[in-house]
Structures are given as structure tokens and as C-alpha cells.
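Since the structure comes first, as C-alpha cells, the remarks are kept for the end.
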Amino acid sequence: MNNRPASCLDAFEADAISVDAAREIITNSINPISTSESVPIRECLKRYLANDVISPIDVPPHINSAMDGYALAGHDLPEKAPVDYKVSGSSFAGVPSKETYEPGTVVRIMTGGVMPAGTDTVIPQELVEKLDDHTIRLEAEHKAGQNVRYPGEDLALGKQIFEKGRKLSAADIGILASLGFAEMDVLVRPKVAFFSTGDELRSIGEVLKEGEIYDSNRYTLFSMLKNLDAEIIDLGVIPDTEEDIQKAFTQASEEADLFISTGGVSVGEADYIKPTLKLLGETHFWKLAMKPGRPLTYGTVNQAKFFGLPGNPVAVMVTFLQFVQPAINYLASGKHKKPIALKATSEEDIKKRPGRTEYIRGIFEQTPDGGFEVKRTGKQGSGILMSMSLANCFIHFDADSNGVNQGDSVEILPFEGVV
Ligand code: AMP
Ligand code: MG
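Put into C-alpha cells, the structure is as follows:
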């Protein structure tokens, strides 16, 4: 860090708070959802468990074979020389053997077939010599007790399987099905509303007049929200008037637990987000020492949390991924998920002014030695959405950093789903 006094040409701004301070303010202001609802397990992917899950049964429920082969009592196995056995019955998955097992014989058994009473060992069919339809020969090389699955070996009756708050995966849902659960109590999903502001914005399908552009922010926001465990409310494009913005705030704060606007957050003449938040709610912060995304407003309106994101499309995505997404996840689960950070070698010099955290759009690749290298996507302007499209990670610089030289190590934050 240098010790020059801050000037208006610097990245320093007296009232801009640090990224870490902003994260703390957000977490401290949010009361995570605690109400739950019962949901069919097929709809439970990515939902958070409202209670611990205790196994109501043993899985598997019965002792069964792990292989296709022949079942017998281990103490009947040949000791020194090969022995021939009569095949005295069969046990298929779901069709247990009807006959009582006779010591000295074997029972034909399939994977998942119930082990007949008195047997404790399965010899896989590949290791058996079939003499005829009713007789097999076993070598003296087998161990007792092999290839058998015991009751409760996967999930035992009365055991805690999952802890309250767990985010359910596809495997988890399979486990819930194997325990016989049709429905699960999961936390209610947060309702998230969003709108764009800007008189220049037209919706898709409309013809652009001079000075107008299509609203892209609502589409990136919608797509990022789709990845999360939230109920989405799209409030459309709101014109740049005090009255319209106030109406949107009122509606969003009544319908949603958290709402998001894009644009109008600076101090231009048509920027009504800040004064509206001041009028209708409480402002927690409005400026961050961060690039991109410096004018990021956060506050509370009624019971709802509000994020006023910048208008520039890249700044929208960066601030969403860095602040809004973690806030929604925390609201939904009461937990923080730490993003994966990796070290990579920078393929180029990257200059940066100390004083603000930066999230540069990068492309990283694995090198033949198993490490990673990273380069920028090219132009980094916060209006150039292609830089996000091309990127597979952020290159993350702390506020103190003044950049790196080619060959130096940098921290990268891979986008979700990339690693
Ligand atoms: P603002 O913060 O409202 O001054 O907007 C900053 C820049 O982002 C301007 O160039 C806007 O035209 C652009 N912008 C704002 N909202 C959107 C949007 N929804 N879609 C695409 N560009 C936008
Ligand atoms: Mg605007």
C-alpha cells in the first residue's frame, strides 16, 4: 500500500466500504428462513432439509447376495481338494428360495437374492465349474463369508442419515427413496423479485428507436436466479420516474423476501434508486471499493432485503455472483458456502491500482503438470458482456494488491459448474 493522501483521481473513496465489510453487513442483516413445507421427493433437488433424517428401516432390509453365483455355508467349502455339490434350489432378487437349504448342497443365487437360512457365502459363477444342470465343482480356494450384503449395511434402522439444513443432491434423493420416503420437509424457498430500470430499455420483440437498447440484465438475472433455490418474480422494465420506481419498490417488498434492481443506482439525474430506498426503507451501504460494481446499494424495505445493482451488464453479473447469490443462499439455508479458490499462473502482466477489490474476467486452463494458468478474456469494460461469456473464472485481486507480472501466481475463482 502507498501512503499518499487519497485524491479524486484515485480508486480511494472515503465512503466506499470494503468487500469484506459489505459481506458482513449483509449476513448480519439477514434472518434465514425457518418455515418448512412438505414436498414430494422428486421436487426436492437443491432444497434444504428442515429436519434431521433418521432411517425408518434397514437398507438393505435382508441379508442378500452381492453376486450372481452359488450360496452355501462357509464351513462346507472344500478344504484341500475340489468338491462337487448338488444345486438344491434357487434364490432370485425378489423371489426368495422356497426350499430349506440342505447343508452339503449349494443354492443358485442372483445379485440381490435373499441368502437362504443357513448360508453365509456366495461363490461367483465365474469361479465355478458347471458339471451339469444340477451339479457344480468348487476348487479349494474360497473364503467363507464372501460376497454377501448384510441388513442395514448401507443405511441402518434408527441411524441419522442426513443433518437438518443439508442441500439435497440427486444421490440424497435416491437415498430418501430407498428409505421409502414419498415426501420430505424442506425449508420454504425465498421469493426473489427483480426489475430493470432505464428509459432506454426496450423489451425483446419491440423495435429499437434511436438511443434505445434491449434489456439484457433481466435475462442474465433470471438465468442466474434459475440456478438457485428461489421463487422468481419478474417485475419487468421500470421507467426512470420517481413514481414508477417507488411503486416497484412497494410491490417488490410486499411480494418478495429479497428484491433486485439494475441501473439508476449512481447519482445521475435519472437515478432514483438511492432516494427511493432512503424514502421507503433503510440504506445499509451504497458504495463499494470494488471493480466492477462500485455503486452497489444494499438496504431493507419493509421486511425485504434490497440490492440495487449497477446498470452495466458485467457489473450486474459480478455483483450478483459476489453478493446477491451468497445472500440468497444464506437466506435460504442459514449457511455460507465458500467459493472454490485456486492458484493459477498469470500468462500476462495485469496492472491494478491498490484501494479496491477487483474481479477480472479470466480464462483458466489446466497445464500438463496439473497446475493452472490464466489469462484475461480481453477488453474488461463493464458494459462488455462478452467478457463474462468468454470467461470461466474471475481473477481475484484483494484491495491491497497492485497487480501481478507474467508468471506470478494469482487467485482464481472458477465459475460454478466449471470445476
Ligand atoms: P445506469 O446505471 O442506469 O446509468 O446504467 C449504466 C449503463 O448500463 C447504461 O449504459 C445503461 O444503458 C446500461 N444498462 C442499464 N440497464 C441495462 C439493462 N437492463 N440491460 C442492458 N444494459 C443496461
Ligand atoms: Mg439508467
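In terms of the working numbering, the sequence shown opens at residue 1 and continues consecutively. Idealized CB from N, CA, C, for every residue including glycine.
- Query: With which residues is His-62 paired in a DSSP beta bridge?
  - Reply: According to DSSP, His-62 bridges with nothing at all.
For Ile-273 and Pro-310, the rounded distance between their alpha carbons: Distance from the CA of Pro-310 to the CA of Ile-273, rounded to the nearest whole angstrom, comes to 10 Å.
Comparing the CB of Leu-176 with every heavy atom of the ligand AMP, is any distance shorter than 7 Å? no
Would Met-115 and Ala-182 qualify as a contact pair, given that the criterion is a beta-carbon distance under 8 Å? With respect to the 8 Å criterion, Met-115 and Ala-182 are not classified as neighbours on the basis of their beta carbons.
Spatial neighbours of Gly-89 within its chain, please: CB distance less than 6 Å, with the 5 preceding and 5 following residues excluded, ordered by chain position. Ser-97, Glu-99, Val-107
**Pairwise C-alpha distance: Thr-357 and Leu-9** = Below a pLDDT of 50, predicted positions are generally treated as unreliable, and Leu-9, at 42, falls in that range; the measurement from the model is reported next regardless. Taking the straight line from one Cα to the other gives about 17 Å.
- Message: Shorter than 7 Å, the distance from the beta carbon of Gly-383 to the closest heavy atom of the ligand MG, or not?
- Response: no
*asked:* Within a Cβ cutoff of 6 Å, which residues of the same chain sit near Val-59, ignoring the five residues on either side of it in sequence?
replied: Non-local C-beta neighbours of Val-59 in its own chain, meaning closer than 6 Å and more than five positions away in sequence, comprise Asp-154, Leu-155, Ser-178, ordered along the chain.
Inset, instruction - Quick one: give me the first and last residue of the beta strand (DSSP E) that Leu-298 is part of. - result: In the sequence on display, residue 298 carries Tyr and not Leu. 297–301 is the span of the beta strand (DSSP E), which, as asked, contains Tyr-298.
* Asked: From Leu-331, Val-267, Phe-397, pick the residue whose C-alpha is nearest to that of Arg-361; which is it?
  -> Phe-397
Q. Taking C-alpha atoms, which residue in Asn-31, Val-418, Ala-16, Arg-47 lies nearest to Ser-424?
A. This structure gives no information on residue 424, because the portion of the chain shown stretches from 1 to 419.
ask   = Do Gly-198 and Val-265 have their CB atoms nearer than 8 Å?
value = no
Q) Beta-carbon separation of Asp-257 and Ala-327 under 8 Å? A) Cβ distance not < 8 Å, so Asp-257 and Ala-327 don't count as in contact.
By how many angstroms is the C-alpha of Glu-212 removed from the C-alpha of Pro-414?
34 Å
message: In this structure, how does DSSP classify Ser-409 when only helix, strand and coil are distinguished?
response: strand
Run the proximity test for Ala-304: is its beta-carbon closer than 7 Å to any non-hydrogen atom belonging to the ligand MG? no
Three-state secondary structure assigned by DSSP to Met-388:
helix
Supposed close pair Asp-76, Leu-131 - CB separation, criterion 8 Å = 17 Å between Cβ atoms; not a contact.
Practice prompt. Take Ile-54 and list the residues in its own chain whose beta-carbon comes closer than 8 Å to its own, dropping the five residues that flank it on each side.
Written response: Excluding sequence positions up to five before and after Ile-54, its CB lies within less than 8 Å of the CB of Gly-158, Lys-159, Gln-160, Ile-161, all in the same chain and listed in chain order.
heavy atom of the ligand AMP below 7 Å from Ser-196 C-beta
yes
Measuring from the CB of Asp-215, is there a heavy atom of the ligand MG at a distance below 7 Å?
No, Cβ of Asp-215 sits at least 7 Å from all heavy atoms of the ligand MG.
_Near the ligand MG: Ala-315 beta-carbon under 7 Å from a heavy atom_ = Annotation for Ala-315 indicates a beta carbon at 7 Å or more from all heavy atoms of the ligand MG.
Check: If we ignore side chains and look at the alpha-carbon of each, how far apart do Gly-104 and Gly-74 end up?
Finding: 10 Å
Is Asp-244 near the ligand MG, in the sense that its beta carbon is under 7 Å from a heavy atom of that ligand?
The answer is no for Asp-244.
Proximity of Leu-228 and Asn-329 at Cβ, strictly below 8 Å: yes
### Task
For my contact list, Ser-36 and Asp-172 are in at a C-beta cut-off of 8 Å; report their separation, rounded to the angstrom.
In fact, because the Cβ distance is near 16 Å, the residues do not count as touching under 8 Å.
**Message:** As an exercise, report each continuous beta strand (DSSP E) stretch of at least 3 residues that is fully enclosed by the region 134–211, in chain order.
**Reply:** 135–138, 160–162, 183–187, 191–197
Just checking, does the region 274–289 make contact with the region 244–251 on the three C-beta pairs under 8 Å criterion? yes
Nearest neighbour of Lys-337, chosen from Ala-344, Gly-112, Thr-345, Leu-321 [CA to CA]: Leu-321
task: Would you list the one or two residues that DSSP bridges to Ser-346?
output: In the DSSP output, where bridge partners are listed per residue, Ser-346 has Val-374.
- Where Arg-42 falls, given that 16 or more other Cβ within 10 Å makes a residue buried: Within a 10 Å sphere around the beta-carbon of Arg-42 sit fewer than 16 other beta-carbons, which makes this residue exposed.
I'd like the list of long-range same chain contacts for Pro-40, defined as Cβ closer than 7 Å, with 5 residues on each side in sequence excluded. Ala-182, Glu-183
Leu-321 in three-state terms, based on DSSP: helix
- Item | Where the beta strand (DSSP E) containing Leu-228 begins and where it ends | Taken as a continuous stretch (DSSP letters only), Leu-228 belongs to no beta strand (DSSP E), as it is neither H nor E.
Is the Cβ-Cβ distance between Thr-121 and Val-148 less than 8 Å? Cβ distance < 8 Å, so Thr-121 and Val-148 count as in contact.
Kindly confirm or deny that the region 398–413 and the region 344–354 touch, where touching means at least three C-beta pairs closer than 8 Å. They touch, by the three-pair rule.
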